[in-house]
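Heads up, the thing below is written out as structure tokens.
Protein chains: 2
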Amino acid sequence: MLHLKALTDARWFAQVDEHLDEILIDHAHCEKKAAGTAMNLIFHYVENIELCREMTEIVNEELEHFHMVIELLERRGIPFRRMKPSQYGSKLHELVRKSEPEKAVDRLLVAGLIEARSCERFQALASHVDDPELAEFYHSLFESEARHHSTYTRLAGHFASEEVVEQRLEELYEAEAAIISVGEPMARMHS
Amino acid sequence: MLHLKALTDARWFAQVDEHLDEILIDHAHCEKKAAGTAMNLIFHYVENIELCREMTEIVNEELEHFHMVIELLERRGIPFRRMKPSQYGSKLHELVRKSEPEKAVDRLLVAGLIEARSCERFQALASHVDDPELAEFYHSLFESEARHHSTYTRLAGHFASEEVVEQRLEELYEAEAAIISVGEPMARMHS
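Line by line, the protein sequences are chains A and L. Just so we're on the same page, the working numbering is the position in the first sequence counted from 1, plus 11. Just so we're on the same page, the working numbering is the position in the second sequence counted from 1, plus 11.
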């Protein structure tokens, strides 16, 4: 279902092993940002009732996940704090075209790509970590990220033909693979 | 419980009678904006976990109300559309002080005041309209608006003493009454 062009490699797993607490804190912020993205889409495309319905479900689920991560941090005695975000999201958002309807297509596809990558990273984490609670937690989030990816990609079809959406998605998959492969020195969910 | 300094008067009821459809459409936008306000507060005060929990509930409820209004519009064959908003919210937001922690106090109290006014207007509408479905609908929303008002006012107490919050709330109640009493020519939920 996911067609990511680059799989998570040893570089990121080394970051996870060295800075798991930072990855966990960043994860909470990622869930919050995912909720914010869906809310922004409601504001920008409010006439599209189907989009608003789907985004409402995503807002609710992402905020629920945000609180699940916060509770996990609390149980582990890891203080939640603000952190410099990775550049991953902003680099992807730079690819969004400026005029409609291309802008809508790109915003939705980029949001869907971030869900796809999160899905891949959660699956990778679930297999990688020794901690059974953490493995189970990431496993439990996997399904919803995959579903959100499908929702975003399907909604992009409200703003362009299926062929145009597929072609643009292919381009964005390539760009995303280049961004994630370079990575970042700070340990983050999408570093 | 609500200490509004000016009750809704005949001027607004005349707007309701003449432009009920616009009031209904504006109501949907108000619910969306209320959800957006609560989401913004999560982003700005993310270290405050209690605030984030309360705001999450408000986001969920306001988005649910947004869809309830959209469905009401659909049942009545009123096309949902973008509309120029009233100046009420922006006039209140001008009163928010610029530096923390006063900014947090004011943002929360202003959000709470808007809930209080919505509560009062819903109650006024429920008594005023002849339409039983509409009266029942506004009646059903009354309780949550009152609850949100209390939540916002209580959370302001995270950023200042009870005495300081009460004094500032009193000032803002006065300002709100002046804004709503002047009103606006366009028919809106807060005109």
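Beta carbons: idealized from backbone N, C-alpha and C, even for Gly. For clarity, every value in this text was computed on a predicted model and none was experimentally measured.
Going by the CB atoms, is the gap between residue j and residue i shorter than 7 Å?
| i | j | result |
| --- | --- | --- |
| A/Ala186 | A/Leu120 | no |
| L/Glu182 | L/His160 | no |
| L/Ser172 | L/Glu72 | no |
| L/Ala271 | L/Thr19 | Here chain L has residues from 12 to 202 only, and residue 271 of chain L is not among them. |
| A/Glu65 | A/Thr162 | yes |
| A/Ser101 | A/Glu195 | no |
| L/Ala157 | L/Lys16 | no |
| L/Met94 | A/Met50 | no |
Between residue i and chain L, is there a C-beta pair that is closer than 7 Å?
| i | result |
| --- | --- |
| A/Met197 | no |
| A/Met79 | no |
Anything in chain D within Cβ reach of residue i, meaning under 7 Å, just list it in chain order.
| i | result |
| --- | --- |
| L/Leu74 | Absent from the structure is chain D; the protein chains it does hold are A and L. |
Less than 7 Å between C-beta atoms, sequence neighbours within five positions excluded: which residues of the same chain meet that for residue i?
| i | result |
| --- | --- |
| L/Val175 | none |
| A/Lys114 | Val107 and Arg108 |
| A/His38 | Val80 and Met200 |
| L/Leu152 | His76 and Phe133 |
| A/Gln26 | Ala198 and Ser202 |
| L/Phe91 | Ile36, Ala39, Ile81 and Leu84 |
| A/Ala46 | Val70, Glu73, Leu74 and Phe77 |
Please compile the residues from chain L whose C-beta is within a distance smaller than 8 Å of the C-beta of residue i.
| i | result |
| --- | --- |
| A/Glu58 | Phe91, Arg92 and Arg93 |
Does chain A have any CB closer than 7 Å to the CB of residue i?
| i | result |
| --- | --- |
| L/Met200 | no |
Taking residue i as the query, report the chain A residues whose CB atoms sit under 8 Å from its CB, ordered along the chain.
| i | result |
| --- | --- |
| L/Phe54 | Lys43 and Gly47 |
| L/Arg64 | His78 |
Identify, in the order they occur along the chain, each residue of the same chain with its Cβ nearer than 8 Å to the Cβ of residue i, setting aside the five sequence neighbours on each side.
| i | result |
| --- | --- |
| A/Val57 | Cys63 |
| L/Glu131 | Leu13, Leu15, Leu18 and Thr19 |
Is any heavy atom in the ligand NAD found nearer than 6 Å to the beta carbon of residue i?
| i | result |
| --- | --- |
| A/Ile60 | Among the ligands in the structure shown, none appear at all, so the ligand NAD cannot be discussed. |
Return the Cβ separation of residue i and residue j in integer angstroms, given the expectation that the two are a contact with Cβ distance under 8 Å.
| i | j | result |
| --- | --- | --- |
| A/Glu33 | A/Ala198 | 5 Å |
| A/His78 | L/Thr48 | No, A/His78 and L/Thr48 are not in contact; Cβ-Cβ is about 19 Å, not under 8 Å. |
| L/Ile36 | L/Ile89 | 7 Å |
| L/Tyr184 | L/Leu124 | 7 Å |
Looking only at its own chain, which residues have a Cβ that is under 6 Å from the Cβ of residue i, when we skip the five neighbours before and after it?
| i | result |
| --- | --- |
| L/Arg165 | none |
| A/Leu180 | Leu120 |
| L/His150 | Ala137 |
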